[in-house]
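Chemist:
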Amino acid sequence: MRQHNHSLTIETDCRGLHEFTREVTGWVVQTGVSEGLLTLFVRHTSASLLVQENAAPAARRDLERFFGQIAPEDDGYEHDDEGPDDMPAHIRSALTATSLSIPVFDAQPVLGAWQGIYLFEHRRSAHRRQIALHLIGA
Amino acid sequence: MRQHNHSLTIETDCRGLHEFTREVTGWVVQTGVSEGLLTLFVRHTSASLLVQENAAPAARRDLERFFGQIAPEDDGYEHDDEGPDDMPAHIRSALTATSLSIPVFDAQPVLGAWQGIYLFEHRRSAHRRQIALHLIGA
Amino acid sequence: MRQHNHSLTIETDCRGLHEFTREVTGWVVQTGVSEGLLTLFVRHTSASLLVQENAAPAARRDLERFFGQIAPEDDGYEHDDEGPDDMPAHIRSALTATSLSIPVFDAQPVLGAWQGIYLFEHRRSAHRRQIALHLIGA
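Residue numbers (the numbering used here), protein chains in the order written: chain A, 3 to 140; chain B, 3 to 140; chain C, 3 to 140.
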């Protein structure tokens with residue numbers, strides 16, 4: 003049994019879903035691990051992780067609209083140190099995932115046919131987001 | 003330290019929570035692992051995982067009603083390739099868990115007394131859902 | 003590769019976010035593991051886990067308000083065995099995390115600068131909450 007650590011940086015330019023499945027699967031292959039457990043952890047409280055539909059861009063736009071409606075910018079928040087999209091970003095993060103755990107088999111994360119791995123950016127402006135990766139296996 | 007991989011198929015007939023705690027704990031016992039880490043990963047974007055109240059069916063009906071209200075079918079979605087329950091299913095998946103990690107102790111997942119493991123089906127019609135399981139331990 | 007199991011008890015006195023980052027990092031240091039994978043699992047269905055903003059108390063108050071609004075107490079629930087805050091607690095748990103997975107590097111969970119680990123209490127009254135911890139690594 004061996005373990006590997008890695009860090010990915012995703013540059014986002016706007017709110018919404020940014021796919022990085024290929025970066026993840028590429029790293030898993032590089033480690034040489036064929037069976038194991040992959041963990042992803044986002045090191046921010048205004049961006050999160052999501053496994054979602056990888057085929058239909060319309061589904062990703064609907065998701066963004068849903069989260070925009072459920073946590074709107076003008077909702078009388080007490081906390082707005084970084085602007086009107088600050089508090090909605092924390093709420094959206096709380097409602098989605100900070101960490102993801104995915105078994106690895108045959109040197110690949112066992113994603114379903116329609117599953118992609120996304121960084122969900124919750125701030126309006128460009129950000130550099132860090133995701134810690136860990137893989138344990140053989 | 004050893005690891006084990008497994009796959010469970012859950013057949014659902016309608017929207018809502020389908021318990022499969024027994025299938026999970028049964029597999030853990032079979033592996034012979036007494037201490038370790040169990041991971042569950044659902045390979046779909048229109049079904050998810052939930053640890054919830056295992057005693058009161060009324061709580062599960064209230065949960066289904068809540069998610070039906072927060073992501074209703076007739077909400078002007080752009081994405082409806084598979085019908086009116088398509089996009090609500092993706093939203094409900096985004097709001098709940100794709101993966102679960104549960105420590106194992108004394109050959110059992112350390113679930114609380116009132117916790118059950120559920121597949122949360124978000125589509126109206128019958129589906130076969132695959133859940134990947136991974137266990138590492140000794 | 004070694005593994006460690008532990009249990010933390012958090013005493014809560016009201017609804018809202020209770021930080022326990024220090025208890026977690028203290029235990030990780032004690033184990034002597036410098037690189038590995040940390041898992042937290044809450045053994046309840048009316049309390050959950052959240053990684054959130056550790057600097058601004060106003061952000062935590064806004065989060066509590068958001069969840070109070072999205073799952074209000076007087077919403078015609080069928081399940082109210084333990085009072086009006088019973089069903090909202092299950093809904094809030096379903097919307098947030100039951101388990102968290104955090105890579106460990108340099109003997110520390112790889113939390114971002116502004117990330118704290120919180121128990122999210124969803125019941126009004128005082129409770130003793132148990133969190134199972136697992137660490138595998140070297």
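Note that beta-carbon positions come from the ideal geometry of N, C-alpha and C, so glycine has one too.
Near I93 of chain A, what residues of its chain come up, given a Cβ to Cβ distance below 6 angstroms and the 5 sequence neighbours on each side ignored?
Modeler: Here residue 93 of chain A refers to the residue found at position 91 when the first sequence is read from its first residue. Excluding residues within five positions, the ones whose Cβ falls inside 6 angstroms are A73.
Chemist: Using the C-alpha atoms, what's the distance from E21 of chain A back to E66 of chain A?
Modeler: Numbered from 1 along the first sequence, position 64 holds the residue referred to as residue 66 of chain A. Numbered from 1 along the first sequence, position 19 holds the residue referred to as residue 21 of chain A. So the alpha carbons of these two residues sit roughly 14 angstroms apart.
Chemist: Could you confirm whether any beta carbon from chain B is found closer than 8 angstroms to the beta carbon of W116 of chain A?
Modeler: Here residue 116 of chain A corresponds to residue number 114 of the first sequence, with the count starting at 1. So yes, W116 of chain A belongs to the interface.
Chemist: Any C-beta of chain A within less than 9 angstroms: which residues of the stretch 40 to 64 of chain B qualify?
Modeler: T41, L42, F43, V44, R45, H46, T47, S48
Chemist: Determine, for F107 of chain A, whether the minimum Cβ-Cβ distance to residues of chain B falls below 8 angstroms.
Modeler: Here residue 107 of chain A refers to the residue found at position 105 of the first sequence. F107 of chain A counts as touching chain B.
Chemist: Verify the CB distance criterion: does Y120 of chain C have a CB-CB separation below 8 angstroms to chain B?
Modeler: Against the third sequence, residue 120 of chain C aligns to sequence position 118. Chain B, which has no Cβ nearer than 8 angstroms to the Cβ of Y120 of chain C, makes this no.
Chemist: Mapping DSSP to helix, strand and coil, what is L10 of chain B?
Modeler: As a working note, residue 10 of chain B is residue 8 in the second sequence. L10 of chain B: strand per DSSP, three-state reduction.
Chemist: Note down the Cα distance separating V31 of chain B from V112 of chain B, rounded to an integer number of angstroms.
Modeler: Translated into positions along the second sequence, residue 31 of chain B becomes position 29. Translated into positions along the second sequence, residue 112 of chain B becomes position 110. For V31 of chain B and V112 of chain B, the distance between alpha carbons rounds to 13 angstroms.
Chemist: Taking only beta-carbon positions, decide if Q134 of chain C is within less than 8 angstroms of chain B.
Modeler: Residue mapping note: residue 134 of chain C aligns to position 132 of the third sequence, counting from 1. Position check: residue 134 of chain C holds Ala in this sequence, whereas Gln was assumed. At least one CB atom of chain B sits nearer than 8 angstroms to the CB of A134 of chain C.
Chemist: Establish whether the CB of Q5 of chain A and some CB of chain C are separated by less than 8 angstroms.
Modeler: Taking the first residue of the first sequence as position 1, residue 5 of chain A is located at position 3. Chain C contact via Cβ: present.
Chemist: Ignoring anything shorter than 4 residues or poking outside the stretch 38 to 94 of chain B, list the alpha helix (DSSP H) runs there in chain order.
Modeler: 59 to 72
Chemist: Strictly by DSSP, which residues pair up with A134 of chain B?
Modeler: To locate residue 134 of chain B, count along the second sequence from 1; it is residue 132. According to DSSP, which records beta bridges pairwise, A134 of chain B is partnered with B:S9, B:F43.
Chemist: Thinking just about the alpha-carbon of each residue, which of B:I104, B:S9, B:D64 is nearest to the one in P90 of chain C?
Modeler: By 1-based counting over the third sequence, the position of residue 90 of chain C is 88. Among B:I104, B:S9, B:D64, the Cα nearest to that of P90 of chain C is on B:D64.
Chemist: Closer than 9 angstroms between beta carbons: that is the criterion. Which residues of the stretch 9 to 28 of chain A meet it against chain C?
Modeler: Look at the stretch 9 to 28 of chain A: the residues with a C-beta under 9 angstroms from a C-beta of chain C are S9.
Chemist: Just checking: is the beta-carbon of I104 of chain C within a distance shorter than 8 angstroms of some beta-carbon in chain B?
Modeler: Within the third sequence, the letter at position 102 stands for residue 104 of chain C. By this cut-off, I104 of chain C is not an interface position.
Chemist: Could you pull out every residue in the same chain whose Cβ sits closer than 8 angstroms to the Cβ of P59 of chain A, ignoring the five residues on either side in sequence?
Modeler: Residue 59 of chain A sits at position 57 when you count from the first residue of the first sequence. No residues qualify anywhere along the chain.
Chemist: Let me make sure I understand the geometry here. Which of A:E123, A:V106, A:D15 has the alpha-carbon closest to that of I138 of chain A?
Modeler: Mapped onto the first sequence, residue 138 of chain A falls at position 136. The residue with the shortest Cα to Cα distance from I138 of chain A is A:V106.
Chemist: Just tell me which of A:A140, A:F122, A:S36 has its CA closest to the CA of S101 of chain A.
Modeler: The residue given as residue 101 of chain A occupies position 99 in the first sequence. Among A:A140, A:F122, A:S36, the Cα nearest to that of S101 of chain A is on A:F122.
Chemist: Classify S127 of chain A as buried or exposed, calling it buried when 16 or more other Cβ atoms lie within 10 Å of its own Cβ.
Modeler: The residue you call residue 127 of chain A lines up with position 125 of the first sequence. By the neighbour-count rule (16 or more Cβ atoms within 10 Å), S127 of chain A is not buried but exposed.
Chemist: Throw me the rounded Cβ distance for the Q54 of chain A and L19 of chain A pair, which I believe falls under 8 angstroms.
Modeler: The residue you call residue 54 of chain A lines up with position 52 of the first sequence. The residue you call residue 19 of chain A lines up with position 17 of the first sequence. Between L19 of chain A and Q54 of chain A the Cβ distance is about 7 angstroms, and since that is below 8 angstroms, they are a contact.
Chemist: By the three-class DSSP mapping on this structure, what secondary structure does G139 of chain B have?
Modeler: Within the second sequence, residue 139 of chain B is the residue found at index 137, counting from 1. The answer is strand: DSSP assigns G139 of chain B an E or B state.
Chemist: If you draw a straight line from the C-alpha of F69 of chain A to the C-alpha of L42 of chain C, how long is it?
Modeler: Translated into positions along the first sequence, residue 69 of chain A becomes position 67. Translated into positions along the third sequence, residue 42 of chain C becomes position 40. Straight through space, the alpha carbons of L42 of chain C and F69 of chain A are spaced by roughly 27 angstroms.
Chemist: In terms of DSSP beta bridges, what is L19 of chain B paired with?
Modeler: As a working note, residue 19 of chain B is residue 17 in the second sequence. Bridge partners of L19 of chain B: B:F122.
Chemist: Classify D83 of chain B as buried or exposed, calling it buried when 16 or more other Cβ atoms lie within 10 Å of its own Cβ.
Modeler: In the second sequence, residue 83 of chain B corresponds to position 81, counting from 1. Within 10 angstroms of the beta-carbon of D83 of chain B lie fewer than 16 other beta-carbons, which makes it exposed.
Chemist: Here's the rule I'm using: 16 or more other beta-carbon atoms within 10 Å means buried, otherwise exposed. How should R24 of chain B be labelled?
Modeler: Taking the second sequence and counting its residues from 1, the one referred to as residue 24 of chain B is at position 22. It is exposed - the Cβ of R24 of chain B has fewer than 16 other Cβ atoms within 10 Å.
Chemist: Taking only beta-carbon positions, decide if H92 of chain C is within less than 8 angstroms of chain B.
Modeler: Sequence index remark: in the third sequence, residue 92 of chain C carries index 90 (1-based). It does: the Cβ of H92 of chain C has a partner Cβ on chain B nearer than 8 angstroms.
Chemist: Quick check on L113 of chain B: does DSSP put it in helix, strand or coil?
Modeler: In the second sequence, residue 113 of chain B corresponds to position 111, counting from 1. In the structure shown, L113 of chain B sits in coil (DSSP, three-state: anything other than H, G, I, E or B).
Chemist: Can you list, in chain order, the residues of its chain with a C-beta nearer than 6 angstroms to that of M3 of chain C? Leave out the 5 residues immediately preceding and following it.
Modeler: By 1-based counting over the third sequence, the position of residue 3 of chain C is 1. Once the five neighbours on either side are set aside, the close Cβ partners of M3 of chain C are A140.
Chemist: Can you pull the chain A residues whose beta carbon is under 8 angstroms from the beta carbon of L113 of chain C, in chain order?
Modeler: Taking the first residue of the third sequence as 1, we reach residue 113 of chain C at position 111. Chain A residues near L113 of chain C: R45.
Chemist: Is there a Cβ of chain B sitting closer than 8 angstroms to that of T100 of chain C, yes or no?
Modeler: As a position in the third sequence, residue 100 of chain C is number 98, starting the count at 1. So, interface residue.
Chemist: Which chain C residues sit within Cβ distance under 7 angstroms of D83 of chain A?
Modeler: Position 81 of the first sequence, counted from the first residue, corresponds to residue 83 of chain A. Chain C residues near D83 of chain A: A58.
Chemist: Nearest to D108 of chain B by alpha carbon, out of B:T33, B:H8, B:H6?
Modeler: As a first step, residue 108 of chain B must be located in the second sequence, where it is residue number 106. Ranking B:T33, B:H8, B:H6 by Cα distance to D108 of chain B puts B:T33 first.
Chemist: Just how far apart, CA to CA, sit F14 of chain C and L10 of chain A?
Modeler: Along the third sequence, read from residue 1 onward, the residue named residue 14 of chain C stands at position 12. Along the first sequence, read from residue 1 onward, the residue named residue 10 of chain A stands at position 8. The residue you asked about is not Phe; residue 14 of chain C is Thr in the sequence shown. Near 36 angstroms, if we compare the C-alpha coordinates of L10 of chain A and T14 of chain C.
Chemist: Please check if any C-beta of chain B sits within less than 8 angstroms of the C-beta of E80 of chain C.
Modeler: Here residue 80 of chain C is taken as the residue at index 78 of the third sequence, counted from 1. For E80 of chain C, the answer is yes, since a Cβ of chain B falls inside 8 angstroms of its Cβ.
Chemist: Taking only three categories from DSSP, how would you classify A183 of chain C?
Modeler: In the structure as shown, chain C begins at 3 and stops at 140. Residue 183 of chain C is therefore absent and cannot be evaluated.
Chemist: Examine chain C for any beta-carbon lying closer than 8 angstroms to the beta-carbon of A140 of chain A, and answer yes or no.
Modeler: Locating residue 140 of chain A in the first sequence gives position 138, where the first residue counts as 1. It does not: the Cβ of A140 of chain A has no partner Cβ on chain C nearer than 8 angstroms.
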